[in-house]
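K.L.:
Residues are numbered in the working numbering as their position in the sequence shown, beginning at 1, plus a constant of 81.
For glycine and all other residues, C-beta sits at the position ideal for the given N, C-alpha and C.
Fair warning: this is a prediction, and the values are worked out from it, not measured in the lab.
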Amino acid sequence: MASLAGVFRRLIQLLDLKTGFWRFPASFVVAAIGTLIIVWDQAVRDVPDLLSDQIFPGLVIGFFAAMLTTLAAEKRNVPVRRHTIYGAIACAMGLAAFFLPEPWRPAPTEFPIMTAVGLAFLAGIAAFPIKAPNLDRFWVWHARTIVYGVLAYLGAGLFLLGIAAVDSALDVLFNVDLGNFVFEVISPIAILFLAPAAWLSMIPRVADLPAEIGSEDNVIRRAVSVLAQFVAAPLLAIYAVLLIAYAAKIAVTGVLPVNQIGWMVTAFGVVGAATILALYPDRESGNRLALIFWRYWFAATLIPIALLFVAVYVRIAAYGLTEERVLLVLGAVWLLTLGIVFAISRSARDIRLISGLAGVLLLIFSFGPQGLVGLSIASQATRFQAMITQAGGPTTSLSAESVSDDVARELRETIRYLKGRDDDLSRLRATAETMGWPGDGGGDETLEAFLIAKLDLNRLPARTPTHSLVAHADFGVVEAANGARLVGPIPVRRWVDNPDEAGVHGFGLSIDAFKLTIDRHGEARTLDLREVGGDRDGRLAALSDLTTTLDFPDAKVHVVFLDYRLSIDRDDTYVFDGEILLLETPKGP
82 MASLAGVFRR
92 LIQLLDLKTG
102 FWRFPASFVV
112 AAIGTLIIVW
122 DQAVRDVPDL
132 LSDQIFPGLV
142 IGFFAAMLTT
152 LAAEKRNVPV
162 RRHTIYGAIA
172 CAMGLAAFFL
182 PEPWRPAPTE
192 FPIMTAVGLA
202 FLAGIAAFPI
212 KAPNLDRFWV
222 WHARTIVYGV
232 LAYLGAGLFL
242 LGIAAVDSAL
252 DVLFNVDLGN
262 FVFEVISPIA
272 ILFLAPAAWL
282 SMIPRVADLP
292 AEIGSEDNVI
302 RRAVSVLAQF
312 VAAPLLAIYA
322 VLLIAYAAKI
332 AVTGVLPVNQ
342 IGWMVTAFGV
352 VGAATILALY
362 PDRESGNRLA
372 LIFWRYWFAA
382 TLIPIALLFV
392 AVYVRIAAYG
402 LTEERVLLVL
412 GAVWLLTLGI
422 VFAISRSARD
432 IRLISGLAGV
442 LLLIFSFGPQ
452 GLVGLSIASQ
462 ATRFQAMITQ
472 AGGPTTSLSA
482 ESVSDDVARE
492 LRETIRYLKG
502 RDDDLSRLRA
512 TAETMGWPGD
522 GGGDETLEAF
532 LIAKLDLNRL
542 PARTPTHSLV
552 AHADFGVVEA
562 ANGARLVGPI
572 PVRRWVDNPD
582 EAGVHGFGLS
592 IDAFKLTIDR
602 HGEARTLDLR
612 EVGGDRDGRL
622 AALSDLTTTL
632 DFPDAKVHVV
642 FLDYRLSIDR
652 DDTYVFDGEI
662 LLLETPKGP
């Protein structure tokens with residue numbers, strides 16, 4: 082035990098984690114707690130939702146918020162004890178953000194990368210004075226910080242490779258198998274704690290940096306310079322010519338951009354801005370292409386940026402806002418601002434604007450109603466209601482004839498988008514209620530089923546239905562006075578695996594290999610799932626948004642596949658997963 086403790090102390094001394102801890106104590110503690118949560122999740126697999134959905138993402142934000150606060154405090158020469166308190170407060174605020182009601186939480190909650198990246202960008206800005214900054218020192222600080230971060234994670238990767246080699250040697254030589262210990266315990270510790278801790282310990286203090294980019298930064302500078310001057314700048318110049326030529330083609334032919342152009346231009350702009358930062362030390366002494374690139378690149382981006390705005394506008398006008406399209410809009414605004422400001426000022430360029438503006442935009446639009454999720458939800462809800470109204474609703478006159486296949490598909494996609502965001506489920510159900518369907522657990526499924534099956538609304542539960550939830554099942558039942566019923570959505574695998582839930586409301590389900598049998602009051606009908614879904618090379622069948630009809634003596638049962646996966650496992654056994662809806666409509670006299 083004593084020797085093990087000695088090895089651990091030596092590791093701490095080698096990484097100089099002690100110095101890093103006393104400089105960024107709040108970030109260290111946050112990284113340790115987050116690592117424990119992930120280790121618990123990997124090893125025990127029973128982490129409460131509170132920890133995984135709120136505490137952990139809050140700790141991610143708290144890590145960067147505390148780091149930003151510490152760097153800002155160092156700039157003002159705040160005593161260590163005080164900026165430790167400030168860091169703890171910033172960390173607590175980041176954690177508290179994930180206990181706010183929707184839509185004020187940072188998004189996406191699974192891993193709030195937008196908020197984290199925004200804070201990371203602003204951390205570098207916070208370490209330098211607002212007025213009269215030393216841009217050489219600013220460049221050196223960022224170059225070293227980025228390189229040290231890459232080295233920290235490279236070291237973590239090499240460490241894990243070494244541990245994996247030791248694990249393999251133990252298994253081969255001594256028949257000792259560590260099982261999943263390496264991946265479930267050691268890997269999270271290396272990736273989530275050791276690497277960030279080593280990185281924090283190596284982040285330079287601004288006061289210790291040279292006032293000018295000097296010989297001590299030759300290794301980093303030359304490596305970055307070679308990549309920027311001889312790789313990035315020539316390729317980006319060629320890419321800029323191609324984009325300008327494509328814009329000219331659009332102007333001549335009048336054919337609007339294809340779907341991928343938005344991300345192509347955004348990636349072009351991001352890489353170009355990074356290349357400008359990399360060329361900063363060589364802005365006066367680099368090769369001819371580097372000098373031309375530094376002087377004219379932002380002006381050359383104005384036409385591709387206009388192309389980006391056109392591409393984004395076309396998609397938003399046709400399909401509304403989504404998170405990806407909001408990001409494209411932010412990228413376009415960021416690039417346009419940089420293009421105008423730096424095209425006007427070719428000599429005195431404050432390179433802090435590149436990362437600072439990106440950080441501000443990412444932070445502002447990472448949470449709240451104005452965030453990328455809030456804006457997308459509002460846009461899709463408005464678009465959904467407009468499509469329903471245009472198709473003849475929200476009234477009970479909505480019918481299969483009034484909804485084309487394309488509109489039905491778009492409505493289904495919008496329903497699923499909104500259903501995946503609990504905050505806006507009320508809007509979707511409110512629309513269903515105006516169409517005569519219940520809004521407390523059946524309306525959204527009924528509307529989705531109607532749009533999939535393309536059935537006549539008069540044959541579905543529509544007027545004054547009675548809605549009941551079966552206590553021991555995960556699905557609802559909607560009944561109408563005309564005898565129509567909707568049962569579902571039914572998680573088929575769960576129902577089949579729990580016999581006590583079979584037979585509810587006159588339906589029973591069973592699966593035998595690839596055959597799904599639906600029993601109704603003693604009458605059974607069997608579906609070959611391979612034929613329904615289309616067997617793909619005998620190995621996989623998948624379908625959604627499809628329906629098939631089963632004929633019974635006194636009714637028709639429309640089986641609507643909301644989601645469906647039929648696959649073959651390692652034992653060559655068919656496995657069925659998915660949800661279905663059963664729409665029962667009585668036959669006429």
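Can you give me the C-alpha to C-alpha distance between residue 267 and residue 256, rounded to a whole angstrom?
P.N.:
In the sequence shown, counting from the first residue as 1, residue 267 sits at position 186. In the sequence shown, counting from the first residue as 1, residue 256 sits at position 175. Straight-line Cα distance between these residues: approximately 20 Å.
K.L.:
Put residue 448 into one of helix, strand or coil per three-state DSSP.
P.N.:
Mapped onto the sequence shown, residue 448 falls at position 367. In the structure shown, residue 448 sits in coil (DSSP, three-state: anything other than H, G, I, E or B).
K.L.:
My parser needs the alpha helix (DSSP H) runs of 4 or more residues fully inside the region 236–300; what are they?
P.N.:
Complete alpha helix (DSSP H) runs here, min 4: 276–283.
K.L.:
Bridge partners for residue 590 per DSSP, in chain order?
P.N.:
Position 509 of the sequence shown, counted from the start, is the residue given in the question as residue 590. According to DSSP, residue 590 bridges with 599.
K.L.:
Quick check: residue 440 and residue 216, are their CB atoms within less than 8 Å of each other?
P.N.:
Within the sequence shown, residue 440 is the residue found at index 359, counting from 1. Within the sequence shown, residue 216 is the residue found at index 135, counting from 1. Not closer than 8 Å, so no.
K.L.:
By how many angstroms is the C-alpha of residue 377 removed from the C-alpha of residue 150?
P.N.:
To locate residue 150, count along the sequence shown from 1; it is residue 69. To locate residue 377, count along the sequence shown from 1; it is residue 296. Cα to Cα, residue 150 sits roughly 36 Å from residue 377.
K.L.:
Can you tell me whether residue 572 is helix, strand or coil according to DSSP?
P.N.:
As a first step, residue 572 must be located in the sequence shown, where it is residue number 491. DSSP places residue 572 in strand when its eight states are reduced to three.
K.L.:
Apart from the five residues just before and just after residue 122, which ones in its own chain have a Cβ nearer than 7 Å to its Cβ?
P.N.:
The residue given as residue 122 occupies position 41 in the sequence shown. Same-chain partners within the cutoff: 128 and 133.
K.L.:
Is residue 170 near the ligand SAM, going by C-beta to nearest heavy atom under 7 Å?
P.N.:
The ligand content of the structure shown is nil, which means the ligand SAM is not present either.
K.L.:
Less than 8 Å between the C-beta atoms of residue 306 and residue 385, yes or no?
P.N.:
Walking along the sequence shown from the start, residue 306 turns up at place 225. Walking along the sequence shown from the start, residue 385 turns up at place 304. No. Outside cutoff.
K.L.:
Assign residue 119 to buried or exposed, taking buried as 16 or more other Cβ atoms, counted over all protein chains shown, within 10 Å of its Cβ.
P.N.:
For the purposes of this step, residue 119 is identified with residue 38 of the sequence shown, where counting begins at 1. So residue 119 counts as buried.
K.L.:
Please classify residue 366: is it buried, with 16 or more other beta-carbons within 10 angstroms of its beta-carbon, or exposed?
P.N.:
In the sequence shown, residue 366 corresponds to position 285, counting from 1. Residue 366 should be labelled exposed.
K.L.:
Please name the residue in 392, 184, 369 and 244 whose C-alpha comes closest to that of residue 315.
P.N.:
Residue mapping note: residue 315 aligns to position 234 of the sequence shown, counting from 1. Ranking 392, 184, 369 and 244 by Cα distance to residue 315 puts 369 first.
K.L.:
Taking the DSSP output, what are the residues bridged to residue 639?
P.N.:
As a first step, residue 639 must be located in the sequence shown, where it is residue number 558. Answer by DSSP bridge pairing, in chain order: 630 and 664.
K.L.:
What are the boundary residues of the beta strand (DSSP E) that residue 606 is part of?
P.N.:
Within the sequence shown, numbered from 1, the residue matching residue 606 stands at position 525. Unbroken beta strand (DSSP E) run through residue 606: 604–609.
K.L.:
Here's the rule I'm using: 16 or more other beta-carbon atoms within 10 Å means buried, otherwise exposed. How should residue 393 be labelled?
P.N.:
By 1-based counting over the sequence shown, the position of residue 393 is 312. By the 10 Å Cβ count, residue 393 comes out buried.
K.L.:
Could you give the distance in angstroms between the alpha-carbon of residue 274 and the alpha-carbon of residue 437?
P.N.:
The sequence position of residue 274 within the sequence shown is 193, counting from 1. The sequence position of residue 437 within the sequence shown is 356, counting from 1. If you take the alpha carbons of residue 274 and residue 437, they lie about 27 Å apart.
K.L.:
Use the C-beta contact count for residue 311: other C-beta atoms within 10 angstroms, 16 or more gives buried, fewer gives exposed.
P.N.:
Numbered from its first residue, the sequence shown carries residue 311 at position 230. Residue 311 comes out exposed.
K.L.:
Can you grab the Cα-Cα spacing for the pair residue 465 / residue 449, in whole Å?
P.N.:
One-based indexing of the sequence shown puts residue 465 at position 384. One-based indexing of the sequence shown puts residue 449 at position 368. Each residue's Cα considered, the two are about 21 Å apart.
K.L.:
How many Å lie between residue 551 and residue 181 at the Cα?
P.N.:
Here residue 551 is taken as the residue at index 470 of the sequence shown, counted from 1. Here residue 181 is taken as the residue at index 100 of the sequence shown, counted from 1. In this prediction, residue 551 scores a pLDDT of 37, lower than 50, which makes its location untrustworthy; no coordinate-derived value is stated.
K.L.:
DSSP on residue 209, reduced to helix/strand/coil?
P.N.:
Locating residue 209 in the sequence shown gives position 128, where the first residue counts as 1. Reduced to three states, the DSSP call for residue 209 is coil.
K.L.:
In whole angstroms, what separates the C-alpha of residue 323 from that of residue 356?
P.N.:
Looking up residue 323 in the sequence shown gives position 242. Looking up residue 356 in the sequence shown gives position 275. The alpha-carbon atoms of residue 323 and residue 356 are separated by roughly 18 Å.
K.L.:
Could you tell me whether the Cβ atoms of residue 360 and residue 374 are closer together than 8 Å?
P.N.:
Reading the sequence shown from its first residue, position 279 is the one you call residue 360. Reading the sequence shown from its first residue, position 293 is the one you call residue 374. Result yes, Cβ atoms of residue 360 and residue 374 sit closer than 8 Å.
K.L.:
Please list, in chain order, all residues of the same chain as residue 691 whose beta carbon is under 6 Å from its beta carbon, the five residues on each side excluded.
P.N.:
What is shown of the chain runs 82 to 670, which leaves residue 691 out entirely.
K.L.:
Quick one: grab the DSSP three-state call for residue 657.
P.N.:
Here the question's residue 657 lines up with position 576 in the sequence shown. In the structure shown, residue 657 sits in a strand (DSSP, three-state: E or B).
K.L.:
If we count the other Cβ atoms within 10 Å of its Cβ and call it buried at 16 or more, is residue 665 buried or exposed?
P.N.:
One-based indexing of the sequence shown puts residue 665 at position 584. Per the 10 Å Cβ criterion, buried.
K.L.:
Given that a residue counts as buried once 16 or more other Cβ atoms are within 10 Å of its Cβ, and exposed if not, what is residue 602?
P.N.:
Taking the sequence shown and counting its residues from 1, one reaches residue 602 at position 521. Under this definition residue 602 is an exposed residue.
K.L.:
Can you give the Cα-Cα distance for residue 157 and residue 104, rounded to whole angstroms?
P.N.:
Taking the sequence shown and counting its residues from 1, one reaches residue 157 at position 76. Taking the sequence shown and counting its residues from 1, one reaches residue 104 at position 23. C-alpha separation (whole angstroms): 15 Å.
K.L.:
Just the C-alpha distance for residue 499 and residue 469, rounded to the nearest angstrom, thanks.
P.N.:
As a first step, residue 499 is located in the sequence shown; it is residue number 418 there, counting from the start. As a first step, residue 469 is located in the sequence shown; it is residue number 388 there, counting from the start. The alpha-carbon atoms of residue 499 and residue 469 are separated by roughly 15 Å.
K.L.:
Measure the alpha-carbon distance for residue 153 versus residue 425 and round it to whole angstroms.
P.N.:
Taking the first residue of the sequence shown as position 1, residue 153 is located at position 72. Taking the first residue of the sequence shown as position 1, residue 425 is located at position 344. Rounded to the nearest angstrom, the two C-alpha atoms are 30 Å apart.
K.L.:
Measuring CB to CB, does residue 142 end up less than 8 Å from residue 107?
P.N.:
As a working mapping, residue 142 is identified with position 61 in the sequence shown. As a working mapping, residue 107 is identified with position 26 in the sequence shown. Not closer than 8 Å, so no.
K.L.:
Starting from residue 415, trace the alpha helix (DSSP H) both ways and give me its first and last residue.
P.N.:
In the sequence shown, the residue the question calls residue 415 occupies position 334. Counting along the chain, the alpha helix (DSSP H) containing residue 415 begins and ends at 404–425.
K.L.:
Hey, could you find the ends of the alpha helix (DSSP H) residue 185 is sitting in?
P.N.:
Indexing the sequence shown from 1 puts residue 185 at position 104. Unbroken run through residue 185: none, as it is neither H nor E.
K.L.:
Expressed to the nearest angstrom, what Euclidean distance is found between the alpha-carbon atoms of residue 412 and residue 607?
P.N.:
In the sequence shown, counting from the first residue as 1, residue 412 sits at position 331. In the sequence shown, counting from the first residue as 1, residue 607 sits at position 526. About 52 Å.
K.L.:
Straight-line CA distance for residue 493 to residue 414?
P.N.:
Position 412 of the sequence shown holds residue 493. Position 333 of the sequence shown holds residue 414. Residue 493 and residue 414: Cα-Cα distance of roughly 31 Å.
K.L.:
Between residue 690 and residue 335, is the Cβ-Cβ spacing less than 8 Å?
P.N.:
Any answer about residue 690 is impossible in this case: the structure gives the chain only from 82 up to 670.
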